[in-house]
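Since the structure comes first, as structure tokens, the remarks are kept for the end.
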Amino acid sequence: MWTYQHTIETVAAPEAIWRLWADVDGWGEWNAEIEKIDFRGPFAVGASIAMTPPGEDPIELTVVELGEGEHFTDEARFGGLVLRTTHRLVPLGDGRTEVVYRMEITGEGADQVGPEIGPGITADWPETMAALVAHAARG
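Every letter in the sequence shown is one number past the one before it in this note's numbering, and letter 84, counting from 1, is 78.
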């Protein structure tokens, strides 16, 4: 297994962040790594998302876990590999929230392939998460 986690703290309302996550069609407004998105929803377990990074082929994601207003996990499968990304809101008190993105790569060859592909997939997370909370803070 290969894992990576990035967190960011914000005073943006958790409800505002959740609204942005739940509006899958709007992800490209705050995520520069999305050229096109095709959402087959509603935003619930089983929803299907085709996310196309700039200049690349679409990546098929499925929402596999969802705790309304708290977290969701999407999953992509490539051969014997499973890439699971969990997005979580953690209340810190005093109007602050921690936003957590965590990726786990499991499956056949994950110990070898994970370190090769994982850092490239997650490289933009700090910028993407900063853009997410800035967008949420604007309302």
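Built from N, CA and C at the ideal position, the CB exists for glycine as well.
This structure is a prediction, so every number in the text was calculated from the model and none was measured.
My output table needs one value for residue i: the three-state DSSP class, helix, strand or coil.
{"i": "W(-4)", "result": "strand"}
{"i": "I11", "result": "helix"}
{"i": "A38", "result": "coil"}
{"i": "D19", "result": "helix"}
{"i": "E29", "result": "coil"}
{"i": "A134", "result": "This structure cannot speak to residue 134, because the chain is shown only from -5 to 133."}
{"i": "E50", "result": "coil"}
If distances are taken between C-alpha atoms only, which option among the options comes closest to residue i?
{"i": "R34", "options": "T56, E64, I11", "result": "T56"}
{"i": "E98", "options": "R71, E121, G22", "result": "R71"}
{"i": "P85", "options": "A38, I2, M(-5)", "result": "I2"}
{"i": "V58", "options": "P48, G73, L77", "result": "L77"}
{"i": "I115", "options": "A128, D105, T91, T79", "result": "T79"}
{"i": "M45", "options": "G61, G63, D19, Q(-1)", "result": "D19"}
{"i": "Y(-2)", "options": "R132, A130, I111", "result": "I111"}
{"i": "D68", "options": "E23, P120, I43, T4", "result": "I43"}
{"i": "E54", "options": "I31, H65, G74", "result": "I31"}
For the beta strand (DSSP E) that contains residue i, what are its first and last residues?
{"i": "V107", "result": "Unbroken run through V107 is the alpha helix (DSSP H), 104 to 116; no beta strand (DSSP E)."}
{"i": "E98", "result": "90 to 101"}
{"i": "F66", "result": "65 to 72"}
{"i": "V57", "result": "53 to 61"}
{"i": "G87", "result": "75 to 87"}
Could you give the first and the last residue of the continuous alpha helix (DSSP H) run that contains residue i?
{"i": "G121", "result": "Contrary to the premise, residue 121 reads as Glu rather than Gly in this sequence. First-last of the alpha helix (DSSP H) with E121: 119 to 132."}
Drop a sphere of 10 angstroms on the beta-carbon of residue i, count the other beta-carbons inside from all chains shown, and report buried for 16 or more, exposed for fewer.
{"i": "D88", "result": "exposed"}
{"i": "A6", "result": "buried"}
{"i": "Q108", "result": "Contrary to the premise, residue 108 reads as Gly rather than Gln in this sequence. G108 is buried by the Cβ-count criterion."}
{"i": "A104", "result": "buried"}
{"i": "D51", "result": "exposed"}
{"i": "A117", "result": "exposed"}
State yes or no: is the beta carbon of residue i nearer than 8 Å to at least one beta carbon in chain D?
{"i": "V76", "result": "No chain D appears in this structure, which consists of one protein chain only."}
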